[in-house]
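Student:
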Amino acid sequence: MVKVYQDDTGGNKGDAVVHYFQPLSAQTAIEVLNDSMIRPNVTVHVEKAKFNATEAKKTKLLPAQAAVIRRVKQAKIQEMTGWDEDPNRSAGLRIVILKNMFHPSEAIGDNSFYQQLEEEIGLECQRVGGPIEKLTVFKGSPFGAVCIKFKDCAGAEKCIETMDGRWFGEKRVMCEWFDGVTNYKVEESEEDQKKRIEEFGDWLESN
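Right under this line is the structure:
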């Protein structure tokens, strides 16, 4: 989840908080992005967020995030106890996000860039985690984001274990479960975001 802070006039203050499910992903983001130039003459500072007691009390998980966390815990329990006999049961745990896979500037003047990138990532992820059902490259994403839906949750988990922290084209990859909240494609209204989050949470609970 990404939260952008605004001032009293409704304008962006230039500060934001990004929530990760995995501590390693957060640390990797700090190492890769801190003091990097996100656009000409604009350097970003990235550090571990610090909240006071009042802010901590106000921080609540969105329904879809809570659902994802529940599914992760359930899958881990089933894995340790051997209760889960169906590898496709945890449908909500088949979707992963790969970040830092490209920079939008790489596509300038190259009409085949995204197609070639999709093919390369698809082949590598299938080699690592097995069959995939869908792969989406978010063209122009400042995060260099790619979303992959695996045929089963075991493949998705293997992808995270293998790809997170790897180097791809001189960039360090971040790979984690899709939180059902972050929209890597387009800007959306608060109402649209709320609707999408609720729908994703309902879908998780029904699968």
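Residues in the sequence shown are numbered consecutively from 7, following this note's numbering. C-beta: ideal position from N, C-alpha, C; glycine also. Remember, predicted model here, so these are calculated numbers, not experimental data.
Could you spell out the range, first to last residue, of the beta strand (DSSP E) harbouring Gly20?
Tutor: Run containing Gly20: Asn18 to Val24, per the beta strand (DSSP E) assignment.
Student: Could you tell me if Arg133 is buried or exposed, where buried requires 16 or more neighbouring beta carbons within 10 angstroms of its beta carbon?
Tutor: It counts as exposed.
Student: Mind reading off the beta-carbon distance from Cys181 to Val102? Whole number of angstroms is fine, and I expect it under 8 Å.
Tutor: Their Cβ separation, rounded to whole angstroms, is 6 Å, which keeps Cys181 and Val102 in contact under 8 Å.
Student: Measure the Cβ-Cβ separation of Ile166 and Cys131 and say whether it is below 8 Å.
Tutor: Contact flag unset, no.
Student: What do you reckon, are the CB atoms on Phe156 and Arg100 nearer than 8 Å?
Tutor: Closer than 8 Å, so yes.
Student: Sort out for me which residues DSSP pairs Gln12 with in a bridge.
Tutor: Gln12 pairs with Asn18.
Student: Please state if the CB of Asn117 and the CB of Lys177 are separated by a distance shorter than 8 Å.
Tutor: Not closer than 8 Å, so no.
Student: Across which residues does DSSP place Phe156 in a beta bridge pair?
Tutor: DSSP lists Ile138 as partners of Phe156.
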